[in-house]
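Visitor: Once you've had a glance at the structure underneath, I'll fire off some questions.
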Amino acid sequence: MENLKNISPIDGRYKKSCKEISEYFSEYALIKYRIYVEIQWLIFLSEKEFFYKKLSVKAIDELQKIADINDEDVLRLKKIEEETNHDVKAVEYFIKEKINQNNGELVNIKEYVHYLCTSEDINNIAYAICIKSCLNNIIIPHIEKIMNRLKELASEYSQVSILSRTHGQPASATTFGKEMANYFDRLKRHISTLKNIKIYGKFNGAVGNFNAHKIANSNIDWVNNIKYFVEKYFDINYSLYCTQIQDHDYICEISDALGRINSTLLDLSIDIWLYISNNLLKLKHVKNEIGSSTMPHKINPIDFENAEGNLHLANALFKAFSAKLSISRLQRDLSDSTVLRNIGSSYAYSLIAYKSILRGLTKIDINEQAASQELNNNWSTLAEPVQIVLKNFNFPNAYEELKNFTRGKTIDKELMQEYIKTKSEFIPPNAMNQLLELTPNTYIGYADYLANNVDKTE
């Protein structure tokens, strides 16, 4: 019942389709990763012995247990936040409270919790972990599942000819497999771009100059030690030049890359919808499903329609992130905070769409009879190869003559072959036979080869 009262369908109707996103993007997740970053900082200070001696294995274990939070811990932390009205300071106080409860070796380092840190040192790395983990564990694997399905369809239907349409009008034949290969290839390029985007983190204080670090101990090489901390402890790239905040340029890059992926999938969803609408694809019947409240016969392409809507929503957010997050007033302002908290929504809308597309791609089957019939009704599409062959033998004005013969007219097999035979004195017998054997179904170029080799090309 509680889900029915949620404002957003992400946490209501569609929760089952995107609930795994909350592991990385939710208030709970942000709290968890903030605590994790604070604990790692204490462990780093122990490793380097900058301000206190190296902690025992037992003490390190106790610190790591603090980072392993449960529901009760989160509720306690939120209670502290009600008093402080500061979310990151609440994390600091929570950790200190846990250390006091431990009443052991850790009590001696309690005042080093959040030492030399500004809130954004903690936040930017917490968000970097959220983004990196969600991409690697959820988003990218689902995109790759779609790609694998497209590759299967490309191979399965590599030789099944369908009528192309340019400007919505009949054009030379392709194969359904080749069309699926086109989408696979686009996604392959886009996902490569996404995977190569570097995720950055900063940890250099209130305005990015290590002010507090230097005053604490100017004999320490903070620049290189913080680089070591960021890169070794979190496996992200170190950002030396920044203000109070880590610039969000990498988030903009990721948003742009995901936007391109989603636009490609939007294109796919619309094309599949059109193929279904034109009866070139059949939807498999699912028992007990209802397509219309009044028309019992209906089987609708709801998966692709659902994907289309959610991809638009995701991309609207990605565009907003890209436009907003590259801008910050002077050394910082807080307008990015509320925007960053919505990153999870864009990933959730995307995931809902990805799952819908995957589901839809398992329900489609080519209507070979309808595809063949549509091609057979469009012999005028052979005007291209006929004029090409005629030009090979210097037939004058071949294009113009074929244009006059076919444009705006209904051309069937008989008319096309009669026309070809009238050119017997201009082209040799082997070329004549080549044209007479050609049909709209077989004029597909290298579509079969391209469909079967899409993952073998650079």
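Residue numbers for the sequence shown follow full-length UniProt numbering, so the first one is 1 and each next one is one higher. Ideal placement from N, C-alpha and C gives every residue a C-beta, glycine not left out.
Could you check which residue in 199, 245, 85 has the C-alpha nearest to that of residue 234?
Guide: 199
Visitor: Taking only runs of the alpha helix (DSSP H) that begin and end inside the region 133-189, which ones reach a length of at least 4 residues, in chain order?
Guide: 140-156
Visitor: Distance, Cα to Cα, residue 4 vs residue 321?
Guide: Rounded to whole angstroms, residue 4 to residue 321 spans 29 Å at the Cα level.
Visitor: Starting from the C-beta of residue 17, find all residues in its chain whose C-beta is less than 6 Å away, skip the five residues before and the five after it, and write them out in chain order.
Guide: 352, 355
Visitor: Kindly indicate which three-state DSSP category residue 365 falls into: helix, strand or coil?
Guide: It is a strand residue.
Visitor: Got a sec, what are the start and stop residues for the alpha helix (DSSP H) residue 106 sits in?
Guide: The continuous stretches of alpha helix (DSSP H) do not include residue 106, and DSSP gives it neither H nor E.
Visitor: When we look at the beta-carbon of residue 329 and count the other beta-carbons within 10 Å, is it buried (16 or more) or exposed?
Guide: exposed
Visitor: Can residue 167 and residue 264 be called in contact, C-beta distance under 9 Å?
Guide: no
Visitor: Applying the 10 Å Cβ sphere with the 16-neighbour rule, what's the burial state of residue 440?
Guide: buried
Visitor: Report all residues from its chain with a CB closer than 8 Å to the CB of residue 389; omit the five preceding and five following residues, and keep chain order.
Guide: 427, 431, 434, 435
Visitor: So residue 370 and residue 181 are supposed to be a Cβ contact under 8 Å. How far apart are they, rounded?
Guide: Not really, about 21 Å apart at Cβ, beyond 8 Å.
Visitor: Touching or not, the region 141-153 and the region 31-43, by the rule of three or more beta carbon pairs under 8 Å?
Guide: no
Visitor: I need the straight-line Cα distance from residue 305 to residue 269, nearest angstrom please.
Guide: Each residue's alpha carbon lies about 7 Å from the other.
Visitor: Would you identify the three-state DSSP class for residue 294, choosing helix, strand or coil?
Guide: For residue 294, the predicted model reports a pLDDT of 44, less than 50, meaning its position is unreliable; a value from the coordinates is still stated below. The answer is coil: DSSP assigns residue 294 none of H, G, I, E or B.
Visitor: Please report how far the alpha carbon of residue 412 lies from the alpha carbon of residue 172, in whole angstroms.
Guide: 15 Å
Visitor: Output needed for residue 294: all residues of its chain with C-beta closer than 8 Å, excluding positions within five of it in sequence on either side, in chain order.
Guide: Legend: pLDDT at residue 294 = 44, less than 50; position of this residue unreliable, value from coordinates given subsequently. Once the five neighbours on either side are set aside, residue 294 has no close Cβ partner at all.
Visitor: To the nearest angstrom, how far is it from the Cα of residue 420 to the Cα of residue 402?
Guide: One C-alpha to the other measures close to 10 Å.
Visitor: Check whether the Cβ atoms of residue 350 and residue 139 lie closer than 9 Å to each other.
Guide: yes
Visitor: If we call anything under 9 Å between Cβ atoms a contact, is residue 66 one with residue 109?
Guide: No, the pair does not count as a contact, with Cβ atoms beyond the cut-off.
Visitor: Can you give me the Cβ contacts of residue 205 inside the same chain, cut-off strictly under 6 Å, excluding the 5 residues immediately before and after it?
Guide: 118, 211, 212
Visitor: Nearest to residue 161 by alpha carbon, out of 178, 169, 104, 151?
Guide: Looking at the Cα atoms, 178 is the closest of the given residues.
Visitor: Kindly indicate the opening and closing residues of the beta strand (DSSP E) around residue 283.
Guide: 281-283
Visitor: Which runs of the alpha helix (DSSP H), 4 residues or longer, sit entirely within the region 11-50?
Guide: 15-18, 27-48
Visitor: Give every residue of the same chain whose Cβ lies closer than 7 Å to the Cβ of residue 21, excluding the five residues on either side of it in the sequence, and list them in chain order.
Guide: 134, 138, 344, 347, 348, 351
Visitor: What residue range is occupied by the uninterrupted alpha helix (DSSP H) comprising residue 387?
Guide: 383-392
Visitor: Expressed to the nearest angstrom, what Euclidean distance is found between the alpha-carbon atoms of residue 93 and residue 126?
Guide: 18 Å
Visitor: Using C-beta distances below 8 Å, list every residue in its chain close to residue 336, excluding the 5 sequence neighbours before and after it, in chain order.
Guide: 245, 248, 324, 325, 328
Visitor: Using DSSP's beta-bridge definition, name the partner residues of residue 201.
Guide: 238
Visitor: From residue 404 to residue 12, what does the alpha carbon distance come to, in whole angstroms?
Guide: As the crow flies, the alpha-carbon of residue 404 is around 60 Å from that of residue 12.
Visitor: Check the C-beta distance from residue 360 over to residue 396 and give it rounded, since I have them as a contact under 8 Å.
Guide: About 51 Å; that fails the 8 Å criterion.
Visitor: The alpha helix (DSSP H) with residue 309 in it runs from where to where?
Guide: 302-324
Visitor: Within the same chain, show all residues whose beta-carbon is closer than 6 Å to that of residue 111, passing over the 5 residues directly before and after it, in chain order.
Guide: Nothing listed; no residue qualifies.
Visitor: Taking residue 72 as the reference, which of 57, 238, 31 has the closest Cα?
Guide: 31
Visitor: What three-state label does DSSP hand residue 413 in the structure shown?
Guide: The three-state secondary structure of residue 413, taken from DSSP, is helix.
Visitor: How big is the Cα-Cα spacing for residue 241 and residue 158?
Guide: 51 Å
Visitor: For residue 278, tell me which candidate among 163, 284, 105, 25 has the shortest Cα-Cα distance.
Guide: 163
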